[in-house]
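Those protein sequence lines, which keep their order, are chains A and B. Position one of the first sequence corresponds to residue 3 (the numbering used here), numbered consecutively onward. Position one of the second sequence corresponds to residue 656 (the numbering used here), numbered consecutively onward. Quick reminder that beta carbons are idealized off the backbone N, C-alpha and C, glycines included. Everything numeric in this text was worked out from a predicted model, so none of it was measured.
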Amino acid sequence: MPNIVFEKVEKSYGAVQVLPPLDLSIDDGEFTVLVGPSGCGKSTTLRILAGLENLSGGEIYFDERPISALAPKERDVAMVFQDYALYPHMNIARNMSFALRLQRVPAAEINKKVRGVAEMLNIAHLLERKPAELSGGQRQRVAMGRALVRDASTFLFDEPLSNLDAKLRAKMRIELAEMRNALDKNMVYVTHDQIEAMTLGDRIVVMSEGVIQQQGSPEELFTRPANKFVAGFISSPTMNFFDGELVLEKDVLWARGTGFLLQISPEQTQRLNGHAQRNVSVGVRPSAFSSDPAVGSPIELELVVSEYLGAQSVLVTRCGGKDILVEIEGRAPGTAGTVMTFGVPQKDIMLFDQESGGRL
Amino acid sequence: MSAPVHERQNPAFYALMTALIVMSLGPIVLMLSNSFKLNVDIMSDTSSLLFLPTLKNYETVLCNTLWYTPKHVEYCNPTFGWALGNSLIIAIISTAITLVTGCMAAYAIVRFRFLGRGSLSMTTLLMRMVPPAVLLVPVFGIWTFNYCWGDECLDGTYTGIILVYVAMNLPFVIWILQSFIVQVPIQLEEAARMDGANPFQVFYLVLLPVIKPGLAAASIFTFRIAWNEFLLADALLDRKTRTVPVTIVNSLTEHDIDWGVIMATGTLLAIPPIIFTFVASKQIIIGMTAGAVKG
Ligand SMILES: Nc1ncnc2c1ncn2[C@@H]1O[C@H](COP(=O)(O)OP(=O)(O)O)[C@@H](O)[C@H]1O
Ligand SMILES: [Mg+2]
Numbered sequence: 003m004p005n006i007v008f009e010k011v012e013k014s015y016g017a018v019q020v021l022p023p024l025d026l027s028i029d030d031g032e033f034t035v036l037v038g039p040s041g042c043g044k045s046t047t048l049r050i051l052a053g054l055e056n057l058s059g060g061e062i063y064f065d066e067r068p069i070s071a072l073a074p075k076e077r078d079v080a081m082v083f084q085d086y087a088l089y090p091h092m093n094i095a096r097n098m099s100f101a102l103r104l105q106r107v108p109a110a111e112i113n114k115k116v117r118g119v120a121e122m123l124n125i126a127h128l129l130e131r132k133p134a135e136l137s138g139g140q141r142q143r144v145a146m147g148r149a150l151v152r153d154a155s156t157f158l159f160d161e162p163l164s165n166l167d168a169k170l171r172a173k174m175r176i177e178l179a180e181m182r183n184a185l186d187k188n189m190v191y192v193t194h195d196q197i198e199a200m201t202l203g204d205r206i207v208v209m210s211e212g213v214i215q216q217q218g219s220p221e222e223l224f225t226r227p228a229n230k231f232v233a234g235f236i237s238s239p240t241m242n243f244f245d246g247e248l249v250l251e252k253d254v255l256w257a258r259g260t261g262f263l264l265q266i267s268p269e270q271t272q273r274l275n276g277h278a279q280r281n282v283s284v285g286v287r288p289s290a291f292s293s294d295p296a297v298g299s300p301i302e303l304e305l306v307v308s309e310y311l312g313a314q315s316v317l318v319t320r321c322g323g324k325d326i327l328v329e330i331e332g333r334a335p336g337t338a339g340t341v342m343t344f345g346v347p348q349k350d351i352m353l354f355d356q357e358s359g360g361r362l
Numbered sequence: 656m657s658a659p660v661h662e663r664q665n666p667a668f669y670a671l672m673t674a675l676i677v678m679s680l681g682p683i684v685l686m687l688s689n690s691f692k693l694n695v696d697i698m699s700d701t702s703s704l705l706f707l708p709t710l711k712n713y714e715t716v717l718c719n720t721l722w723y724t725p726k727h728v729e730y731c732n733p734t735f736g737w738a739l740g741n742s743l744i745i746a747i748i749s750t751a752i753t754l755v756t757g758c759m760a761a762y763a764i765v766r767f768r769f770l771g772r773g774s775l776s777m778t779t780l781l782m783r784m785v786p787p788a789v790l791l792v793p794v795f796g797i798w799t800f801n802y803c804w805g806d807e808c809l810d811g812t813y814t815g816i817i818l819v820y821v822a823m824n825l826p827f828v829i830w831i832l833q834s835f836i837v838q839v840p841i842q843l844e845e846a847a848r849m850d851g852a853n854p855f856q857v858f859y860l861v862l863l864p865v866i867k868p869g870l871a872a873a874s875i876f877t878f879r880i881a882w883n884e885f886l887l888a889d890a891l892l893d894r895k896t897r898t899v900p901v902t903i904v905n906s907l908t909e910h911d912i913d914w915g916v917i918m919a920t921g922t923l924l925a926i927p928p929i930i931f932t933f934v935a936s937k938q939i940i941i942g943m944t945a946g947a948v949k950g
């Protein structure tokens, strides 16, 4: 299981640069998740790693060995495709054993491996069927199984769950998480779904427009996002941003804008001492609002819509012309138009530069 | 309660259908029934449907391939037997060569980026626009005078006619196979590459099995053209290598036309394409890539 290092890897299609020079290192035996919005270059990165796409510049190293000139089969990687890509003319057993048959592994050993993986994935009863006779979820497992029967050093997953319905996806996510712990392999997993990223990743790499925004453990990304993009991306429902400016009054820093005046914690005040008058985005997670206005600074929000989810509700509220999401327990206390006062705790306020989006 | 409601069709519709069926089946029925008749029965104008079926015509046609010598045959003319063999050899070999080269060419045109790819693909179709009769004279000249090894020239040989048939059918085969290959999701080939297949294995183990319906359709088409072709075969083949259509026409001489034998030959001529079409069309199933990728 190699350490994989991307060094200034670039990719352009004609004049269009999809990946500006990108540095990334993936440690031995880690489950790395590349996450970002659709079209940000995740698949491209993965395909370059697989050898399906040539790179336009830079180099990839597997344990210090440059591999950009190697064909996919020489890289010892297995890949699960977003659209499954099962061979329609082979039954499931033959689909799964294709790679092993090409390597001329003895038949008895192939059978044993295919059985083993099929049992792990609960598809042993489907081995004689053709892909067309399976449901989407079963095909997805077969696609996974086809990669897993190979003893590859690195496994690549390109949005493997994105074609499943929500329930099945949640189930597979948990199974994957379980499997991840059982297999001690390098795994690189691409997804646009931050929940998948948070559940599965040892390390998450957040990308946007071909640029790595931040990488780290799920907790790191959640508690210490490097910028507004990461903060907004890694949470569900997404983080609220209030545009305003910092004002210093009697040694206390406030964030002020239309409809809100929030007190900044003493530690942040100290750190941001010289930044008064600066234009900032104030980030507050929907779950951070407290129904007790006395906690932190009070803020008045006008209820627009309430989404009742059972244990909690997500309220869409308005403050100074902007939609603000608030997550509360139970039902919304009023109907549309009700003005409610919430408290914003100091510790839950994140400040970002309005222009650059960088965390302050 | 409600039985399926059939819309009552206009009687004219049935009349039209009947006319069409008679028109298309009539000649075949005539050929089949006449092939089992003696010449006297064929010529008599009374008993066209009442006759004693006989296999004599078939025995005459196949006399040199039978294990016994039919009693009624005084002189065994081997021409028809040979012609049937020639037709089979020429049609099968030219179909095989056309398919093998056609699928590789189509794959290259669809999947590889190279200079002049678009115009190459168009040119293949352009070649179909030239009627074979136009090719006849130049090909005859070239085959007779330009490609000779010692005394042997290309005209009159299997090689010569097979080359012409391959050239004639290749454009169309490339064209159909292209349309099948573009439907194969590229991820299938990528998956095979990830599984460690080299380009040839990707082509033979993954792509070809998937486009089997296309190959079947193309092979039916090619086989039938090679089997039925008359004009070029007549001009380019000699006594030993003639195909069945040419032989039939040649046997229509002024002084003696053996209709029974001709009908029997015609029936025999129709059998191989029928068998071939049946076998090949078994491969034509809809949804060749069903289940490969998320729809
Ligand atoms: N073959 C291609 N030719 C041109 N542009 C491409 C090609 N493949 C991908 N792109 C572009 O590259 C960008 C990144 O694509 P991709 O890596 O597939 O994104 P995602 O993060 O959704 O997987 C997209 O803007 C896409 O339009
Ligand atoms: Mg993608």
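- Shown here, Ile176 (chain A) sits in a helix according to DSSP, grouped into three states.
- Exclusion of Glu302 (chain A) from the 7 Å shell around ligand 2 follows from its C-beta lying no nearer than that to any non-hydrogen atom of the ligand.
- If the five residues before and after Gln856 (chain B) are omitted, its C-beta is found closer than 8 Å to the C-beta atoms of Ala847, all from its own chain and listed in chain order.
- The C-beta of Gln856 (chain B) comes closer than 8 Å to at least one C-beta of chain A.
- A Cβ-Cβ contact shorter than 8 Å links Leu48 (chain A) with Val190 (chain A).
- Ligand 1 has a heavy atom closer than 7 Å to the beta-carbon of Cys42 (chain A).
- Spatial neighbours of Asp85 (chain A) in its own chain (CB-CB distance under 6 Å, excluding positions within 5 residues in sequence) are not present.
- DSSP places Ser283 (chain A) within a strand segment (E or B) once states are collapsed to three.
- The secondary-structure analysis by DSSP pairs Asn124 (chain A) with nothing; it has no beta-bridge partner.
- Only Tyr89, Pro90, His91, Phe100, Ala101, Leu104, Gln105 from the segment 89-118 of chain A bring a Cβ to less than 7 Å from some Cβ of chain B.
- Listed by position along chain B, the residues whose Cβ is nearer than 7 Å to that of Ala199 (chain A) form an empty set, because the closest Cβ is around 21 Å away.
- Annotation note: the segment 140-219 of chain A contains the following uninterrupted alpha helix (DSSP H) runs of length 4 or greater, listed N- to C-terminal: 168-184, 196-202.
- Taking all protein chains shown into account, Gln833 (chain B) has 16 or more neighbouring C-beta atoms within 10 Å of its C-beta and is therefore buried.
- When the beta-carbon positions are compared, Glu9 (chain A) and Glu61 (chain A) come within less than 8 Å of each other.
- Exclusion of Tyr191 (chain A) from the 7 Å shell around ligand 1 follows from its C-beta lying no nearer than that to any non-hydrogen atom of the ligand.
- Straight-line spacing of the CA atoms in Gly218 (chain A) and Arg77 (chain A) works out to 26 Å.
- Around the Cβ of Leu185 (chain A), a 10 Å sphere holds fewer than 16 other Cβ atoms; the residue is exposed.
- Three or more beta-carbon pairs separated by less than 8 Å are not found between the segment 917-924 of chain B and the segment 758-778 of chain B, which leaves the two stretches without contact.
- Contact between the segment 825-832 of chain B and the segment 868-880 of chain B is established, with three or more Cβ pairs separated by less than 8 Å.
- Taking the CA atoms as reference points, Asn124 (chain A) sits about 13 Å from Ile94 (chain A).
- Residues of the same chain with a CB within less than 7 Å of the CB of Ala149 (chain A), apart from the 5 flanking positions on each side, are Ala80, Met81, Val82, Phe157 in chain order.
- The three-state reading of DSSP puts Arg663 (chain B) in coil, since its state is none of H, G, I, E or B.
- For Phe291 (chain A), there are no C-beta contacts with chain B under 9 Å, since the nearest C-beta of that chain is about 40 Å from it.
- For Phe244 (chain A), no Cβ of chain B is located within less than 8 Å of the residue's own Cβ.
- Taken through DSSP and simplified to helix, strand or coil, Tyr723 (chain B) comes out as coil.
- In this structure, the beta-carbon distance from Ser776 (chain B) to Val821 (chain B) does not fall below 8 Å.
- At least 8 Å separates the CB of Asp30 (chain A) from every CB of chain B.
- For Ala935 (chain B), the closest Cβ of chain A is not nearer than 8 Å.
- Counting only runs of 3+ residues, no beta strand (DSSP E) is found wholly inside the segment 837-890 of chain B.
- Chain-ordered, the chain A residues with CB closer than 7 Å to the CB of Gly851 (chain B) read Lys75, Ala101, Leu104, Gln105.
- In this structure, the C-beta of Ser237 (chain A) stays at least 7 Å away from each heavy atom of ligand 1.
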